[in-house]
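Asks:
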Amino acid sequence: MKKFPAKNWYGGTPASLLAEAVNGMVRALVRRQFAQSGEDWTSFVFGSADALITRQDIERIEQQALATGYRFTSTSLVSLRERPDAYKDATGLGVDVSAFSFEHHDAITGSIDANGREQRGTGDNVVRHAADVDGVARYVRTSDQVIRYMQNGVPPDTIAIIDDSGCTLTAPIIDRFKGIICASGTVRSHLGILAREYGIPCLMNARISGIRDGDRIEIEASAAAKTAQDYQAGRESTARIWRFAR
Numbered sequence: 001m002k003k004f005p006a007k008n009w010y011g012g013t014p015a016s017l018l019a020e021a022v023n024g025m026v027r028a029l030v031r032r033q034f035a036q037s038g039e040d041w042t043s044f045v046f047g048s049a050d051a052l053i054t055r056q057d058i059e060r061i062e063q064q065a066l067a068t069g070y071r072f073t074s075t076s077l078v079s080l081r082e083r084p085d086a087y088k089d090a091t092g093l094g095v096d097v098s099a100f101s102f103e104h105h106d107a108i109t110g111s112i113d114a115n116g117r118e119q120r121g122t123g124d125n126v127v128r129h130a131a132d133v134d135g136v137a138r139y140v141r142t143s144d145q146v147i148r149y150m151q152n153g154v155p156p157d158t159i160a161i162i163d164d165s166g167c168t169l170t171a172p173i174i175d176r177f178k179g180i181i182c183a184s185g186t187v188r189s190h191l192g193i194l195a196r197e198y199g200i201p202c203l204m205n206a207r208i209s210g211i212r213d214g215d216r217i218e219i220e221a222s223a224a225a226k227t228a229q230d231y232q233a234g235r236e237s238t239a240r241i242w243r244f245a246r
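The opening residue of the sequence shown carries number 1 in the UniProt record's numbering; numbering runs sequentially from there.
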């Protein structure tokens, strides 16, 4: 029987200075507590480690990282809202939604065409629809907004623009959207799957610029859907996003 060769998981280039620093502090903590336990490794791992390595120990490691001035980049807006001391506002959460706009540096933009549309980005199309879809851009970024929409209704023709964690955030109201633009994920993300089930045009992994809340926009829902093979092969297969002249 052929055996897999042993691999040195720690011999490569560090993923980041932060990851290397935190991993180093965790390893030092484990070594220290293991030495003090007087146990063999198996007994320590499956026994006293849970009592000897505490939540407070891990929190102290986090505080050491934050004491350097470093702030984490949030992957969900709730992180910034609950821990503003630990996360940097790279998402513009502190900006009034009426003045907010995604400004992705890699957004593909263009000049105004004969229909009065200006390309302001692209995204991965979940399902190919018979026609493109136009509507009103509305950023949906917090649970408070979702609750207000549940209470008062989603405005007609809403094309929701979402940061991330879109399925969890918008599930209660997703069926009321005319379209969806999500700035993260893939066509196989939960948000994409749910949009497909409801028949809602949806672009994932969108890169956009210059679209404000209330702008009239159009998404190229008639573009070819992006496939798993496209992702695996690194092929570009995107749908365009236009903003109508203000």
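Just so you know, even glycine gets a beta-carbon here, dropped at the ideal spot from N, CA and C.
Considering only C-alpha positions, which residue in the set THR142, VAL187 and CYS167 is nearest to SER79?
Replies: Measuring from the Cα of SER79, the nearest candidate turns out to be THR142.
Asks: Looking at ARG120 and ARG246, is the spacing between their C-beta atoms short of 8 Å?
Replies: No, the pair does not count as a contact, with Cβ atoms beyond the cut-off.
Asks: Quickly, what does DSSP pair PHE177 with across the bridge? List them, please.
Replies: DSSP, once it has assigned bridges, lists no residue as partnering PHE177.
Asks: Roughly how many angstroms lie between the CA atoms of HIS129 and PHE72, to the nearest whole one?
Replies: Roughly 39 Å separates the two Cα atoms.
Asks: Would the segment 104 to 114 and the segment 148 to 166 be scored as touching if the rule is three or more Cβ pairs under 8 Å?
Replies: Flag = no, the segment 104 to 114 and the segment 148 to 166 do not touch.
Asks: Can you grab the Cα-Cα spacing for the pair ALA224 / ASP89, in whole Å?
Replies: Rounded to whole angstroms, ALA224 to ASP89 spans 35 Å at the Cα level.
Asks: For GLU220, tell me which candidate among THR122, GLU59 and ARG27 has the shortest Cα-Cα distance.
Replies: Measuring from the Cα of GLU220, the nearest candidate turns out to be THR122.
Asks: DSSP has ILE161 in a bridge; who is on the other side?
Replies: According to DSSP, which records beta bridges pairwise, ILE161 is partnered with TYR139 and ILE181.
Asks: Is the beta carbon of ARG216 less than 8 Å from the beta carbon of VAL136?
Replies: Cβ atoms of ARG216 and VAL136: closer than 8 Å.
Asks: Measure the C-alpha to C-alpha separation of MET204 and SER101 and round it to an integer number of angstroms.
Replies: Roughly 17 Å between the two C-alpha positions.
Asks: Please classify ASN115: is it buried, with 16 or more other beta-carbons within 10 angstroms of its beta-carbon, or exposed?
Replies: Exposed.
Asks: Should ASN152 go down as buried or exposed, given a rule of 16 or more other Cβ atoms within 10 Å for buried?
Replies: Per the 10 Å Cβ criterion, exposed.
Asks: Jot down the residue ranges of each uninterrupted beta strand (DSSP E) in the segment 166 to 240, minimum 3 residues, whole runs only, in chain order.
Replies: Runs of the beta strand (DSSP E) inside the segment 166 to 240: 179 to 182, 202 to 208 and 216 to 219.
Asks: At which residues does the alpha helix (DSSP H) containing ASN23 begin and terminate?
Replies: Start and end: 17 to 37.
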